[in-house]
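A.B. asks: Encoded as structure tokens, here's the structure I'll be asking about.
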Amino acid sequence: MLTIIAAAAENNALGKDNDMIWHLPDDFKHFKKLTTGHHIIMGRKTFESFPKPLPNRTHIVITRQKNYQNEHCIVVNNFEEALQVVTNDEQPFVIGGGEIYKLSLPFVDKIELTRVHHEFEADAFFPELDLNEWELISEKFHDKDEKHQHSFTFLTYQRKP
């Protein structure tokens, strides 16, 4: 089962200048809990935005750069190649950015979306979901508090049969 995992604002904002635009520690914990031990598929810019590779995950980086190499990841040149790499993982994740989410949408079975209840200025956006294709199967609200400047909701969508 291929799953998108993302955090997006009310206006579908994901980030700006290759950086996150909010800090939600409980969302990081949620991301870590779900993705640890699995393959994570991402675009090159997303990979390069990390201070270092994420521990206990196999990084698959999609790039158009034919000579791109990095010892910490598996480099592929398109989404179909990424899918071939993850065949031995029963739960790989697509972790961004905006272009990669858009490319992966026809292939995924599930979406783990953290909806940040605010609108932000951004240059990367999550694709608009066609709710005729997706069923909301769980949601959990998290109010803002001393560690979280914005309220958010963990939403899980499953592709309708």
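Taken in order, the sequence shown gives residues 6 to 166; the numbers are from our numbering. For every residue, glycine included, the Cβ atom is placed at its ideal position computed from N, Cα and C. What you are looking at is a predicted structure, and each value in this text was computed from that prediction instead of being measured.
Would you check if the region 118-131 and the region 72-82 touch, i.e. whether three or more CB-CB distances between them fall below 8 Å?
C.D. replies: These segments do not touch.
A.B. asks: First and last residue of the beta strand (DSSP E) that includes residue 79?
C.D. replies: Residue 79 -> beta strand (DSSP E) spans 79-81.
A.B. asks: Please determine if the region 112-122 and the region 43-60 are in contact, where contact requires at least 3 C-beta pairs separated by less than 8 Å.
C.D. replies: No: the two stretches stay apart, fewer than three of their Cβ pairs being nearer than 8 Å.
A.B. asks: Take residue 131 and list the residues in its own chain whose beta-carbon comes closer than 7 Å to its own, dropping the five residues that flank it on each side.
C.D. replies: 11, 13, 17, 19, 103 and 106, listed in sequence order.
A.B. asks: At what residues does the beta strand (DSSP E) containing residue 66 begin and finish?
C.D. replies: Counting along the chain, the beta strand (DSSP E) containing residue 66 begins and ends at 63-67.
A.B. asks: Between the C-alpha atoms of residue 8 and residue 66, what's the straight-line distance to the nearest angstrom?
C.D. replies: Computed Cα separation, rounded: 16 Å.
A.B. asks: Would you give the residue range spanned by the beta strand (DSSP E) that residue 35 belongs to?
C.D. replies: Note, residue 35: premise wrong, no beta strand (DSSP E); alpha helix (DSSP H) at 30-40.
A.B. asks: If you follow the beta strand (DSSP E) that residue 109 is in, where does it begin and where does it stop?
C.D. replies: No beta strand (DSSP E) contains residue 109, which is instead part of the alpha helix (DSSP H) from 103-109.
A.B. asks: Just curious, the alpha helix (DSSP H) that residue 90 is in, first and last residue?
C.D. replies: That run of the alpha helix (DSSP H) goes 84-90.
A.B. asks: Please state the DSSP three-state secondary structure of residue 55.
C.D. replies: Of the three classes helix, strand and coil, the one that applies to residue 55 here is coil, per DSSP.
A.B. asks: Are the CB atoms of residue 45 and residue 98 nearer to each other than 8 Å?
C.D. replies: Closer than 8 Å, so yes.
A.B. asks: Using the C-alpha atoms, what's the distance from residue 69 back to residue 89?
C.D. replies: Computed Cα separation, rounded: 17 Å.
A.B. asks: Can you tell me whether residue 142 is buried or exposed? The criterion is at least 16 other CB atoms within 10 Å of its CB, across all chains shown.
C.D. replies: That one is exposed.
A.B. asks: Excluding the 5 residues preceding and the 5 following residue 152 in the sequence, name in chain order all residues of the same chain whose CB lies nearer than 6 Å to its CB.
C.D. replies: Closer than 6 Å at the Cβ level, and outside the excluded window around residue 152, lie 30.
A.B. asks: Under 8 Å by Cβ, that's how I've got residue 6 and residue 154 pegged, so tell me the actual separation to the nearest angstrom.
C.D. replies: That pair is no contact at about 33 Å.
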